[in-house]
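Participant:
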Amino acid sequence: MNTYKKNIFCLFVLTAITVNTLQAQVLPDVQTGFNQYNANTVQEKLFVHTDKSVYTAGELMWFKVYNVDGANHKPIDLSKVVYIEVLDKNQNPVLQAKVAMKDGEGSGSLFLPISLTTGNFVLRAYTSWMKNFSSDFYFYKKLTIINPLKSPAAASKQIASSYDIQFFPEGGNLVNGVPSTVGFKATDEYGKGVNFRGVIIDKNNDTVAKFEPYKFGMGHFYFTPDNHNSYKAVVKLNDKTLIEDLPNISDNGYTLNVKDGGSNQLQVTVNTNMPDGNIFLFAHTRGVIKDVETAVVSSGKAVFAIDKSKLGDGISHITIFNSQRQPVCERLYFKRPVNQLFIVAGTDAQQYATRRKVKVSINTKNSSNAVTADMSLSVYRLDSLQHASQQDIQNYLWLSSDLKGNIESPDYYFKNTDAAANEALDNLMLTQGWSRFAWADVLQNKKPEFKFLPEYNGPIVNAKITNTITNTPQNNMIAYLGIPGKRVQLYAAQSDTTGNLIFNMKDFYGPGEIVIQTNTLRDTSVRIDVMNPFSDQYSKIKLPEFSLTPAMQSTIEDDNLGMQVQNIYNGEKLRQFYDPNIDSSAFYGTPFKTYLLDNYTRFLTVEEVMREYVSEVNITHTHNQFHIKVLNNNQYLNDGDPMVLIDGVPFFNIDKVFAADPLKLKKLEDVPFVYLLGPSYEAGIFSFSTYKGDMGGNEIDPHAVIMDYEGLEMQREFYSPEYDTEAALASRIPDFRNVLYWAPNVITNKNGNGGLSFYTSDETGKYIGVIQGLTVDGEAGSQYFTFDVTK
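In the numbering used here, the protein residues as written are 332 to 1122.
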């Protein structure tokens, strides 16, 4: 017996040494390549909380944007700009905005113009950095906009229902003679799951498998294919029958089966018709390696037992590698998140009269302790059009954001935790799983190339400069971007070999003009084209047609009346904006001297002003052109002219500066030093400012590009009247608000406590308050409360 035990022990040690040696030889390469790839491809995830989902044209849409690290869901302060778009059913943008971000959050509003037609729309959000990846990673949310002031578009002709059914072998492939689980998903033309009955028949029309959906058009069946046979799926729906081919059958390969093994174990079974040998399991959760294991294939089968505690919360990728470190199977597994934000929110009563104060108490905690949370809150009326959204920050970050395509009823998987919900969730993993990267790039240590930079400081204006003579990109040329106005903003960029220019803007808010030009005294044979900052990638999104019914008439009339009353009586209050608190000083900081020209005798020409008052310059006139030489410590900086600006726009021709009307100039700021403006070397700066910030009517060089350009959106103040006095309560100004309150920054204290208050309007009905947000550790949560308003 002792000899037997020694032999078993030696065999165990030998096996362990062999496995560890193979793992050390193969898997570290995969791990190293994987970590390097993910280090270079930081993923941002966005979530947008809107005040509601159904709007009347003429209303304001309020929103808050959360930006988190895709790996751990912690707020990430990478991009300072988020792009918001509203797309119609043809994916044409009808509204666009740039939202300023700080510490991973930002908020704003969009006015929905009365030019919009009634229908379903999509709100999407992304950053410049996210444009380097598939548009499937953008944030999407369906909106409905109703415009009672315009006749609805003619109803399209009734189109016969169309269906799509897809089959997904577990692990990726069907393999000859190897048992496999096959997932399936059947949807209608709008991506919604449908019910049906189906069978798999072979070339002899014999039934080899039967299947029907478990939930949301998804399910799975078991099947052992034979490559000497052929198979079709016959699917019977209510109004038609579909016949579809199954995926191709590989002669050789591997299949994968993942199921709950009990006792906190996940059983991963690999079947193959390949020779016995070592295979490897590699598991990661959102780019973070969680488990690496090795097993030996014996008689065409190998089994891994994964401790679930090793896997991270949410979606994990389980990949099988063969002995040549080639990925051969992949599967997703969802682990319900433990680390989440639990929000308790409620009002001090369940029923209120009109124009009465509502007090809301809020408490936040995680699974064990009270925590501080940063949240947003919307309180709006429920009616025949407006319903509680099924998408919230928790189910989006943990589920929807890591899966491709539309997820029907994502809240179902979180509100239900029974066996039925778990099976539906596993079918979802089986049919909608995908990878964010290509294993070939990872294993070849291929460094990704990025076209778009993250906007660390503010909006980036991309432009391209082309030589108009040769029609080729112009490289190594400096261009200047000025923003006319009272705040002097100027940026410089040097073109690369492809002619690209990158202007890193900062604190550029609101609509305005930009002027881009080269030094037109030297470079006139170039053309500058400004690139559209919004994404030109579009995902396949199918919006259902919106149809009006007689039952909606009363609600639509009420909402339309409320919109008009708000705009008539509170229009000014709806157009109040917060001060963005930006630095108002010029880009060059504090000048050496400031000349307030009203404090001096007013001369008739700018030349006289410069000669008489500015001691740091010497004016010369050579070759029929004026020049300025800058004096510093009685020495000239160099022979070139300094940078001369009028309201932030460069004027390279000094004659044009001297031709300006001096009576329209308010001040002159003097920087008689060498100044490095990005790639540009300036022999001093002389900056004129006009009274109105409109350049005093001075003509800009015709070679310059002048265009309207939207900066960051100004943050609007939410108007919520207070009826805290008898006079206010008795006011005859109507209050038809259906959104009672919007607060983008609701923050609880270290004990998890917080609160706020607002007043009801003249609109009676049932109201819902939706609050959701994050902690600094990436714990997400959502909660709602309801109350009634009566006369």
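Heads up, the beta-carbon is just placed ideally off N, CA and C, and yes, glycines get one too.
Hey, residue 873 and residue 522 are a contact pair by Cβ (cut 8 angstroms); roughly how many whole angstroms apart?
Facilitator: Contact flag correct, Cβ pair sits at about 5 angstroms.
Participant: Check the C-beta distance from residue 410 over to residue 432 and give it rounded, since I have them as a contact under 8 angstroms.
Facilitator: 6 angstroms
Participant: Looking only at its own chain, which residues have a Cβ that is under 7 angstroms from the Cβ of residue 745, when we skip the five neighbours before and after it?
Facilitator: 725 and 726
Participant: Output needed for residue 1022: all residues of its chain with C-beta closer than 6 angstroms, excluding positions within five of it in sequence on either side, in chain order.
Facilitator: 997
Participant: Consider the C-beta atom of residue 1029 and the heavy atoms of the ligand HEM; say whether any pair is separated by less than 7 angstroms.
Facilitator: Of the ligands one can find in the structure shown there are none, so the ligand HEM has no counterpart to examine.
Participant: May I ask you to report which of helix, strand or coil DSSP gives residue 884?
Facilitator: helix
Participant: Which two residues bound the contiguous beta strand (DSSP E) that contains residue 1115?
Facilitator: 1111-1121
Participant: So, is residue 731 buried or exposed, given that buried needs 16 or more other C-beta atoms within 10 angstroms?
Facilitator: buried
Participant: Do the segment 770-777 and the segment 795-805 touch if we need at least three Cβ pairs shorter than 8 angstroms?
Facilitator: no
Participant: Report yes if the CB atom of residue 1120 is closer than 8 angstroms to the CB atom of residue 685, and no otherwise.
Facilitator: yes
Participant: Take residue 364 as the anchor and find which of 704, 779, 627 and 533 has the nearest alpha-carbon.
Facilitator: 779
Participant: Given this structure, state the Cα-to-Cα distance separating residue 1110 from residue 753, to the nearest angstrom.
Facilitator: 22 angstroms
Participant: With DSSP collapsed to three states, give me the class of residue 991.
Facilitator: coil
Participant: So what does DSSP say about residue 750, is it helix, strand or coil?
Facilitator: Note: residue 750 maps to helix in three-state DSSP.
Participant: Could you pull the start and end residues of the alpha helix (DSSP H) that residue 942 belongs to?
Facilitator: Segment 937-944, the alpha helix (DSSP H) holding residue 942.
Participant: Does residue 1020 come out as helix, strand or coil in the three-state DSSP assignment?
Facilitator: strand
Participant: Rounded to the nearest angstrom, how far is the Cβ of residue 1024 from that of residue 978, given a contact under 8 angstroms?
Facilitator: 5 angstroms
Participant: Identify whether residue 759 lies in helix, strand or coil by the three-state DSSP scheme.
Facilitator: Helix, per DSSP.
Participant: How many whole angstroms separate the CB atoms of residue 711 and residue 1098, which I take to be in contact at a CB cut-off of 8 angstroms?
Facilitator: 7 angstroms
Participant: Indicate whether residue 680 and residue 1118 have their beta-carbon atoms separated by less than 8 angstroms.
Facilitator: yes
Participant: Compute the beta-carbon to beta-carbon distance between residue 1115 and residue 719, rounded to the nearest angstrom, for a pair I have assumed lies under 8 angstroms.
Facilitator: 6 angstroms
Participant: In three-state terms, what does DSSP make of residue 355?
Facilitator: Caution is warranted here: a pLDDT of 42 is assigned to residue 355, below 50, making its placement in the model unreliable, and the coordinate value is therefore given only provisionally. DSSP places residue 355 in helix when its eight states are reduced to three.
Participant: Residues in the same chain with beta-carbon distance under 8 angstroms from residue 355, minus the five sequence neighbours each way, listed in chain order, please.
Facilitator: For residue 355, the pLDDT reaches just 42, beneath the cut-off of 50, and the residue's location in the model is therefore unreliable, although a value from the coordinates is still provided. Cβ neighbours of residue 355 beyond the five flanking positions: none.
Participant: Out of 1062, 682, 1027 and 462, which one is the CA nearest neighbour of residue 864?
Facilitator: The shortest Cα separation from residue 864 among 1062, 682, 1027 and 462 belongs to 462.
Participant: Quick one: grab the DSSP three-state call for residue 985.
Facilitator: helix
Participant: Determine the DSSP secondary structure at residue 951, reduced to helix, strand or coil.
Facilitator: strand
Participant: Which word fits residue 669, buried or exposed, when buried means at least 16 other C-beta atoms lie within 10 angstroms of its C-beta?
Facilitator: It counts as exposed.
Participant: How many Å lie between residue 1103 and residue 896 at the Cα?
Facilitator: 30 angstroms
Participant: Whether or not the segment 1032-1039 and the segment 996-1013 are in contact is what I'm after, with contact meaning three or more pairs of Cβ atoms, one per stretch, closer than 8 angstroms; do they touch?
Facilitator: no
Participant: Would a C-beta distance cut-off of 8 angstroms place residue 445 and residue 478 closer than the cut-off?
Facilitator: yes
Participant: From which residue to which residue does the beta strand (DSSP E) around residue 996 run?
Facilitator: 996-1008
Participant: Taking only runs of the beta strand (DSSP E) that begin and end inside the segment 656-708, which ones reach a length of at least 3 residues, in chain order?
Facilitator: 658-666, 673-678, 682-684 and 688-696
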